[in-house]
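Everything on this sheet refers to the single structure shown next.
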Amino acid sequence: MNDHFTHQTVIANGIRQHYVEIGEGPTVLLCHGWPESWYSWRHQLRALAKGGYRVVAPDMRGYGRSSKPQDVGAYTITSLVGDMVSLINSVGGEQAVIIGHDWGAPVAWYSALMRPDLFRAVAGLSVPFRPPVALPPGMRISDMYRALSGERDYYRLFIAEGLEAEAEAECDIRSYLLGLLYSVSGDIGPEQQWDGFMDRGSGIRAALTVPDKLPPWLSEDDLLLYVSEFERTGFTGGFNYYRNIDAITAQLAPFVGRTIEQPSFYLCGEYDLIAGNTPEAHAEMRSNLPDLRGLHVLAGAGHWLQQERADEVNERLIEFLASL
Numbered sequence: 001m002n003d004h005f006t007h008q009t010v011i012a013n014g015i016r017q018h019y020v021e022i023g024e025g026p027t028v029l030l031c032h033g034w035p036e037s038w039y040s041w042r043h044q045l046r047a048l049a050k051g052g053y054r055v056v057a058p059d060m061r062g063y064g065r066s067s068k069p070q071d072v073g074a075y076t077i078t079s080l081v082g083d084m085v086s087l088i089n090s091v092g093g094e095q096a097v098i099i100g101h102d103w104g105a106p107v108a109w110y111s112a113l114m115r116p117d118l119f120r121a122v123a124g125l126s127v128p129f130r131p132p133v134a135l136p137p138g139m140r141i142s143d144m145y146r147a148l149s150g151e152r153d154y155y156r157l158f159i160a161e162g163l164e165a166e167a168e169a170e171c172d173i174r175s176y177l178l179g180l181l182y183s184v185s186g187d188i189g190p191e192q193q194w195d196g197f198m199d200r201g202s203g204i205r206a207a208l209t210v211p212d213k214l215p216p217w218l219s220e221d222d223l224l225l226y227v228s229e230f231e232r233t234g235f236t237g238g239f240n241y242y243r244n245i246d247a248i249t250a251q252l253a254p255f256v257g258r259t260i261e262q263p264s265f266y267l268c269g270e271y272d273l274i275a276g277n278t279p280e281a282h283a284e285m286r287s288n289l290p291d292l293r294g295l296h297v298l299a300g301a302g303h304w305l306q307q308e309r310a311d312e313v314n315e316r317l318i319e320f321l322a323s324l
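In the UniProt record's numbering, the protein residues as written are 1 to 324.
Structure (structure tokens):
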């Protein structure tokens with residue numbers, strides 16, 4: 001096996017999609033989250049390829065060297081699913097296993113829900129599967145977040161409802177990214193773990209802890225790569241995912257009452273407080289995923305599982321893939 005990544009670009013679903021590929025065998029598609037890039041899967045690419053798989057990791061729409069449409073409405077869940085469908089068709093994969101982390105997880109879950117003919121199995125990291133539901137008339141997802149936050153601000157609403165998110169992120173990209181990566185990692189510990197809420201009017205940056213030393217899973221070169229990408233692209237593309245949260249309910253309405261029948265798998269960190277990993281959410285997954293082949297909570301880990309606990313994540317994913 002060639003141990004080197006190849007960088008490719010295709011025009012798919014009407015946009016430029018950059019992706020990294022390695023290995024031969026059944027196709028595995030890796031979808032990253034915010035604020036990351038294909039590089040967040042650097043430890044999984046070679047491990048899964050050595051396990052006998054062709055691994056494809058794109059820069060998602062709005063990130064890295066993929067297109068960044070200016071229209072906020074270009075970042076809906078159906079557009080993101082369409083990107084993954086078109087990418088698999090473009091790279092010649094008849095079917096694929098799709099795996100997602102953070103924002104990539106709902107993209108993976110709903111890709112499997114909408115296109116079971118194309119995605120033969122699905123795994124999510126850090127963000128649980130939530131089956132489509134019909135909200136009461138006039139109720140929006142943002143209203144639910146607002147009620148949840150009470151007197152505080154919630155990061156998803158802060159990003160969704162104004163341009164202040166770009167201003168505070170882009171004034172010092174290195175400290176912003178390092179603060180995010182550390183503040184929801186297992187390294188900060190459960191007592192200081194950020195839960196996504198902050199004092200009203202303070203912004204995200206004020207809620208973050210910037211460490212004096214990098215966590216052991218993040219090298220200076222790793223951080224520099226992330227920083228250089230966002231210095232070049234800005235944050236608007238990734239933020240636009242949050243600016244479409246109220247469109248999700250309507251776009252998933254045709255799928256209310258359906259669930260994912262394909263084999264599924266889930267991993268999250270014990271200290272991940274930012275993505276809804278509650279006992280109730282995990283119980284809902286067990287009830288709604290009839291072929292759930294594993295739900296594992298990694299002790300002491302935070303939100304960035306595939307980077308914080310690369311070896312354990314690789315082992316778990318290879319076990320799941322081997323079960324198919």
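Ideal Cβ positions, reconstructed from N, Cα and C, are used throughout, including at glycine.
Owing to the predicted nature of the structure, the values given are computational and were not obtained by experimental measurement.
Margin query: So, for S86: in the same chain, excluding its five sequence neighbours on each side, which residues have a beta-carbon less than 7 Å away from its beta-carbon?
Written below: For S86, where only same-chain residues beyond five positions count, the Cβ hits under 7 Å are A12 and N13.
Does the pairing of the segment 35-53 with the segment 5-25 give three or more beta-carbon distances under 8 Å? Contact holds: three or more Cβ-Cβ distances are below 8 Å.
Closest to P190 by C-alpha separation, out of M198, D272 and A253, would be which residue? D272
The alpha helix (DSSP H) that contains T233, what's its start and end? Boundaries of the alpha helix (DSSP H) harbouring T233: E220 to T233, taken from the DSSP string.
inquiry  = Could you tell me the alpha carbon to alpha carbon distance between V55 and R205, rounded to whole angstroms?
reply    = 35 Å
Q | Whole-number beta carbon distance between L321 and V28, since they are thought to touch under 8 Å | A | V28 to L321, Cβ: 7 Å. Contact.
ask   = Given P26, which residues of its chain have a CB within under 6 Å of its CB, disregarding the five upstream and five downstream residues?
value = Only Y53 meet the Cβ criterion.
Exercise. Roughly how many whole angstroms lie between the Cα atoms of Q251 and D311?
Worked result: Roughly 36 Å between the two C-alpha positions.
task = Quickly, what does DSSP pair R156 with across the bridge? List them, please.
result = DSSP lists no partner for R156.
- [ ] Assign C268 to one of two classes, buried (16 or more other C-beta atoms within 10 Å of its C-beta) or exposed (fewer than that).
- [x] C268 counts as buried, since at least 16 other C-beta atoms from the protein chains shown sit within 10 angstroms of its C-beta.
>> Given a cut-off of 9 Å on the beta-carbon distance, is the pair D291 and E319 in contact?
In response: no
Check your understanding: For the beta strand (DSSP E) that R16 lies in, which residues bound it at each end?
Key -> I15 to I22
* Residue range of the unbroken alpha helix (DSSP H) whose run includes V91 -> I77 to V91
*Cα-Cα, which of F5, H7, G179 and S37 is closest to E229?*
S37
Close-in-space but distant-in-sequence residues of the same chain around L30 (CB under 6 Å, 5 per side omitted): Counting only Cβ-Cβ distances below 6 Å, and skipping sequence neighbours, we find W41, A57 and I99.
Q.
Quick check: the Cα distance between L149 and T6, rounded to an integer number of angstroms?
A. At residue 149 the sequence reads Ser, which differs from the Leu that was named. The straight-line gap from Cα to Cα measures roughly 44 Å.
Exercise. Near L135, what residues of its chain come up, given a Cβ to Cβ distance below 6 Å and the 5 sequence neighbours on each side ignored?
Worked result: Only residues of its own chain outside the window of five on either side were considered, and among them T249 have a CB closer than 6 Å to the CB of L135, listed in chain order.
Going straight from the alpha carbon of A165 to that of Y75, what length do you get? For A165 and Y75, the distance between alpha carbons rounds to 17 Å.
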